[in-house]
Amino acid sequence: MPLRTMTACALLLLVQGLLSRPAAADPVSTPPEGARIRLESMRTLWCVGDNVSVRYVVENVGDEPFKVTATPPGSDDWWILQVFDASGEPVISPRGTATGSWVTSTPRVTVASPFARVVSLVRYGVLDRAGRYRVRLFHALGWKRPEVVEGSGPERRLPVADDPRWAETWIELVEPTPEHVEAVLDALALYPDREARRRSGQEVAPEAAWLRHPAYLVPLLQRLRSTDRSKRQAEAWIRGIQGIPTVESTEALVDLLATPEEAPWRRLVPPELLARALMERVPLLDGHAVGLGGGSESWGYPSFSLALPIDLRAGAWSERLAPRLRAWACEQVDPPGDLLRHALGLLAVVGATEDWQRVEPLLVRLLDDAQRMPAWPPTPETVDELNGVLRVCGRAQREGMRPSSTPASTLEITSALVWMADHPEQAVVQYGEHVAAWLDHENPIIRALTLAALSRSLPGAAARRLEALLDDDSAVVRRTALSAVRREPHDRYRGGVMRAYRRAETSDDLEAARVTAVALGVDHVDLLLVDAGALADAGAYPARWQRLVRATRLFVAGPQEPPPPNERQRLARAWSEYLQLHRDDIGRRGRGSPSPEELHNLTPR
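What follows is the structure, encoded as C-alpha cells:
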C-alpha cells in the first residue's frame, strides 16, 4: 500500500477517535454497586516449571451493568502482584512502573458476562521451589488508578490493604515427576513460542525459559539432539536449557557449542544463540571495563526487564568450564569469524595474558580505520568490536600485562587508557600530563577513550576542551563528551549540548543528548522544537518523528522512509508552529492532542 494511502487511512481513524472521545472524568473512588472480585488458581496443583497462572475475575451481582477498563496483564502499572511463601516472606514483589502506553478496552460487566483476565505469575518473577504460596493481585480497573512513584525502580507505593480490588488465593507447587516433565515438553513441542500459544488460545501453555528445574535438563537435551526439522522446536529446547540455573546446564551449553555442524539440529540453531546463552552465565567483568557507547548491544550483563528478572550467574558457573570456553573463543578470534564479538566477550572474562597477542591485530586495524575516518564509527557493530577488544586488553592487564609508562603510538596510548579506566584513583597521577594532548589526538578513538577513562572529575585541561568535543565530527566522541557533561553539568556546555542534539542521527544518540540537556535545565518543548526543525533533514525519520508523535499524543503511523524534500520542509514549519502555539500544554507532557485540522497539517501527505 502506498505511503499516501496508509497515511490517509491512519489520519481518518485518528480523526474519528478524536471526535468521538468522551470527556475525561474523575476516577471512581469506590467500586460500582454489585461488583465482586475474586482470584482463582487455574489448577489445583502445579509443578515447578509450569506456567503458573491465576484468573482475576470481576463479577456483577447487582441489578445495573457497569464497565471496567482492561489492560494486558503482566507489563503495566495497573496490575500489582505479590507472592508470599508459607512463612510470609515475599517471593515476588511489586516492581516499578513500565513506561509504555498500553491498549485498553472497556468491557461491560453484567450478571451473565463477568470480566476475567489470566495472569501468569512467572512473568513477574521466579517460582522454582516446591511449596505453598499466597498470591495477592490488584488491578486498577479504571475506577481509581493506584498511586505509584514515578521512576521508582523496584519499589512502589501500594494501594491500601482493604482496597476491594485486591484479591487473593493460594497455590501449591510440587517437584516435577518424570511423567510431568514429558507432558510439559510434549505441550512445548506443540506450542514452541509465544505466537503459537497465542494462536492456540492455550493460556497456561508452558514457556521454555520458565522451566528452571534441573529435572528438565536431560529430557531437553534428548529432544534437541533428535530434532532435525523444526527450527522453532530446536530453539525452544535451547531456551529451556538456557533457563536452568545449574553448572550442569552451562556445561551442556558448552558441549552443544562444540558440536560439529554436521549434526542435524545444528543446521536449525544459529550458533549465536548458544554463544549468547553462555555470555549470560560467565561472571561479570572485574574492574571498570572501559568501553564506548553507541554500540548495538551490551554484552555479558543481566537484563532486569519486566519480562523475567533473572540473573543466572549465582549457581550456573564453575571455573572448571573456563579452559573450554577460552579455547573455543581463541578459535573464533584467529582468524576472525562470525562469532567474533561473542568470543571477545568470553575472553574478557576467561582469557589469559597471552591471548592478547591474538587480539592485538584487531585493535591495530580498528585504530587504522578510525585514523582514516573522522566520522568514525561506520556502524554500531564496529563499536561493539572495539569494546570487546578493549575488555580483553583490560583482562590481560589484570593478569599481569603492564602498559607503557611513556606511551607514544596509538596502540600504546590505547593500552594506557584501558589501564586508566581500571585505576581511576591513579589515572591522573600516572598519565595526567598527557590528557590534553590525547583529547586533541587526530584519532577519534583516542579522543573518546580519554574522556571515557576519566571517570572522576575532569582535570582543568580536559574541562576546557570538553566544549569543543561536543562538536566533534565523530558521533562516538560527541556521545562520550555528553556523558562527561552529565558528570559535571555546567551552563557553559548548553550550546554544545544543543548542537549535539541537533546532529544526533540515531535514537540512542538522541536520548543521550536529551538526558544531558535536561540535566542542564533545557526545556522539554525547546528540544521538541529542535526535532521539528530537523524534520527538513532526511535523517530525521523515523527517530525524530517518533519523538514528536509520542510527546504530542499524535497516535498515527509516521513515515519510516523520509518524505520528499518539499514535504519535509512543510512538515518542519507546521510542527514548529504547532509546538509554539501549544507550548504550555505540551510542556505538561502532552495534555492536549492535535485538533483534526492540526492533525491534517502535521501528517505527511
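If you want the numbering used here, it's the position in the sequence shown, counting the first as 1, plus 410.
For glycine and all other residues, C-beta sits at the position ideal for the given N, C-alpha and C.
Residue i, DSSP secondary structure in three states
i, result
"Val462", "coil"
"Trp985", "helix"
"His549", "strand"
"Val471", "coil"
"Ile654", "coil"
"Trp786", "coil"
"Arg446", "strand"
"Leu583", "strand"
"Ala953", "helix"
"Trp766", "helix"
"Leu408", "Nothing can be reported for residue 408, as the shown portion of the chain is limited to 411 through 1015."
"Arg889", "helix"
"Val1036", "For residue 1036 there is no data in the structure shown, the boundaries of the chain being 411 and 1015."
"Ala914", "coil"
"Thr507", "Only weak support exists for where Thr507 lies, its pLDDT of 41 falling under 50; the value from the coordinates is given anyway. Three-state result, Thr507: coil."
"Glu578", "strand"
"Gly701", "coil"
"Trp456", "strand"
"Tyr543", "strand"
"Arg622", "coil"
"Pro1006", "helix"
"Val774", "helix"
"Pro733", "helix"
"Pro588", "helix"
"Arg607", "helix"
Cβ-Cβ distance between residue i and residue j below 8 angstroms
i, j, result
"Glu582", "Arg546", "no"
"Ile654", "Pro693", "no"
"Arg736", "Val774", "no"
"Ser884", "Ala858", "yes"
"Ala577", "Arg448", "yes"
"Ala550", "Val458", "no"
"Arg734", "Val664", "yes"
"Leu621", "Gly650", "yes"
"Asp794", "Arg751", "yes"
"Ala878", "Ala837", "no"
"Arg904", "Val940", "no"
"Ala942", "Leu958", "yes"
"Leu756", "Ala739", "yes"
"Val845", "Ala873", "no"
"Val799", "Leu754", "yes"
"Pro674", "Asp638", "yes"
Beta-carbon proximity list for residue i, same chain, < 7 angstroms, skipping 5 on both sides
i, result
"Tyr841", "Ala826 and Met830"
"Ala923", "Leu892, Val907, Ala910, Tyr911 and Ala914"
"Pro475", "Arg518, Val519 and Thr520"
"Ser503", "Gln492"
"Leu868", "Leu876, Ala894 and Glu898"
"Arg446", "Glu469 and Val471"
"Gln612", "Tyr601"
Residues of its chain near residue i, where Cβ-Cβ distance is below 8 angstroms and the 5 sequence neighbours each way are ignored
i, result
"Arg896", "Val925, Thr926 and Ala929"
"Glu671", "Arg677"
"Gly949", "Glu915 and Pro972"
"Val594", "Cys457, Gly459, Asp460, Pro586, Pro616, Leu621 and Tyr626"
"Arg691", "Thr660, Leu663, Leu722, Arg723, Ala726 and Trp727"
"Arg686", "His752"
"Ala526", "Arg465, Tyr466, Val467 and Val468"
"Val802", "Leu754, Leu757, Ala758, Gly761, Asp765, Trp766 and Val769"
"Val887", "Pro854, Arg857, Ala858, Leu861 and Leu879"
Distance between beta carbons of residue j and residue i, contact taken as under 8 angstroms
i, j, result
"Val501", "Leu455", "The Cβ separation is near 18 angstroms, so there is no contact."
"Ser945", "Arg978", "In the sequence as presented, Ser is not what sits at residue 945; that position holds Leu. Contact flag correct, Cβ pair sits at about 6 angstroms."
"Val839", "Gln807", "Not really, about 17 angstroms apart at Cβ, beyond 8 angstroms."
"Glu450", "Thr579", "6 angstroms"
"Ala599", "Gln643", "6 angstroms"
"Val464", "Pro524", "No, Val464 and Pro524 are not in contact; Cβ-Cβ is about 15 angstroms, not under 8 angstroms."
"Tyr466", "Val529", "6 angstroms"
"Thr824", "Gly703", "That belief does not hold up - the Cβ atoms of Thr824 and Gly703 are roughly 17 angstroms apart, past 8 angstroms."
Residues near residue i in its chain [Cβ-Cβ closer than 6 angstroms; skip 5 each side]
i, result
"Trp955", "Gly968"
"Arg875", "Leu849"
"Arg805", "Ala758 and Gly761"
"Leu796", "Leu776"
"Gly472", "Glu443 and Gly444"
"Phe494", "Pro500 and Arg544"
Residue i CB to nearest heavy atom of the ligand ADP below 7 angstroms
i, result
"Val478", "Of the ligands one can find in the structure shown there are none, so the ligand ADP has no counterpart to examine."
CB contact below 8 angstroms: residue i versus chain D
i, result
"Leu777", "Reference to chain D is not applicable here, since this structure consists of a single protein chain."
_Contact between the stretch 620 to 633 and the stretch 658 to 676 (3+ Cβ pairs under 8 angstroms)_ = A contact exists between the stretch 620 to 633 and the stretch 658 to 676.
*At a cut of 8 angstroms, does the stretch 780 to 787 reach the stretch 763 to 772 through at least three beta carbon pairs?*
Between the stretch 780 to 787 and the stretch 763 to 772 there are fewer than three C-beta pairs closer than 8 angstroms, too few to call the two in contact.
*Given 8 angstroms as the limit, is there contact between the stretch 439 to 446 and the stretch 604 to 616, that is, 3 or more CB pairs closer than that?*
By the C-beta criterion, the stretch 439 to 446 is judged not to be in contact with the stretch 604 to 616, since fewer than 3 inter-stretch pairs fall below 8 angstroms.
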